[in-house]
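Numbering (this note's numbering), first residue to last: 16 to 235.
Backbone N, C-alpha and C fix where the C-beta goes; we use that ideal spot for every residue, glycine too.
Fair warning: this is a prediction, and the values are worked out from it, not measured in the lab.
For reference, the structure discussed in these notes is given below.
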């Protein structure tokens with residue numbers, strides 16, 4: 016017997032280009048992924064970090080004034096999506112400060128908007144590793160907050176030479192690999208949000224009991 020679809024309509028995917036620099040390679044990669052998502056029939060909400068201005072996290076400021084408007088807008092965009100994609104540069108082999116700061120601010124919201132959302136992490140960099148080390152660092156705070164980070168990540172090396180004039184990737188093999196990654200990610204998201212029998216079956220660590228504190232943190 017078919018299970019009633021609790022999420023009618025197309026999938027909604029928030030795509031964030033996590034660089035402040037105008038014309039950044041990660042902004043171009045985010046735009047390409049948003050187009051790929053749209054081509055599948057899903058809805059892509061494309062954004063850049065400049066849309067979410069916020070000061071450095073300060074507990075005293077939060078106590079006195081609450082969350083800044085930029086953090087609340089980012090919270091709203093996350094809450095409206097079924098999944099999100101972050102296209103992140105790599106700074107000194109780790110996460111850009113502006114992105115980590117945004118995650119720290121939004122993590123203060125209750126209920127937690129990152130929890131149980133599916134995420135795909137991608138990067139673009141002029142380096143030979145394409146920013147991949149930064150993505151491994153980015154997984155840590157997101158998974159700690161309960162985000163279901165997709166196992167396969169995509170990194171575009173030599174990104175300053177990586178795009179054609181029409182916004183595709185210069186390397187046809189990389190273009191197809193990115194498209195396959197996006198399609199597979201969306202397939203997982205669709206299975207999770209549309210079929211009740213598959214929901215709440217993701218645990219942070221294999222072998223966790225459902226009553227274990229870490230599982231309660233990730234799923235409650």
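Report the rounded CA-to-CA distance for residue i versus residue j, giving the unit in angstroms.
i, j, result
"residue 148", "residue 105", "7 Å"
"residue 139", "residue 103", "7 Å"
"residue 123", "residue 31", "20 Å"
"residue 26", "residue 210", "13 Å"
"residue 40", "residue 70", "25 Å"
"residue 163", "residue 80", "31 Å"
"residue 45", "residue 154", "18 Å"
"residue 125", "residue 57", "28 Å"
"residue 131", "residue 141", "32 Å"
"residue 160", "residue 119", "10 Å"
"residue 192", "residue 68", "33 Å"
"residue 55", "residue 197", "10 Å"
"residue 185", "residue 76", "46 Å"
"residue 256", "residue 152", "A query on residue 256 cannot be resolved here, the shown segment of the chain reaching from 16 to 235 and no further."
"residue 115", "residue 24", "32 Å"
"residue 171", "residue 33", "15 Å"
Residue i: buried (16+ other C-beta within 10 angstroms of its C-beta) or exposed?
i, result
"residue 107", "exposed"
"residue 206", "exposed"
"residue 143", "exposed"
"residue 78", "exposed"
"residue 29", "buried"
"residue 179", "exposed"
"residue 166", "exposed"
"residue 111", "buried"
"residue 89", "buried"
"residue 9", "Past the edges of the chain, shown from 16 to 235, lies residue 9, and the structure says nothing about it."
"residue 95", "exposed"
"residue 86", "buried"
"residue 117", "buried"
"residue 59", "buried"
"residue 37", "exposed"
Pull up the CB-CB distance for residue i and residue j, whole angstroms please, since I reckon it's below 8 Å.
i, j, result
"residue 49", "residue 61", "4 Å"
"residue 194", "residue 51", "6 Å"
"residue 182", "residue 47", "6 Å"
Is the number of C-beta pairs between the segment 170-180 and the segment 194-204 that are closer than 8 Å three or more? no
Do the segment 88-102 and the segment 125-137 make contact, defined as three or more Cβ pairs closer than 8 Å? yes
Length-filtered (3 minimum) beta strand (DSSP E) runs lying within the segment 35-77: 58-63
So within the segment 166-216, which uninterrupted beta strand (DSSP E) runs reach at least 3 residues, ignoring any that extend past its ends? 169-171
Counting only runs that start and end within the segment 123-157, where is the alpha helix (DSSP H) found for 4 or more residues in a row? none
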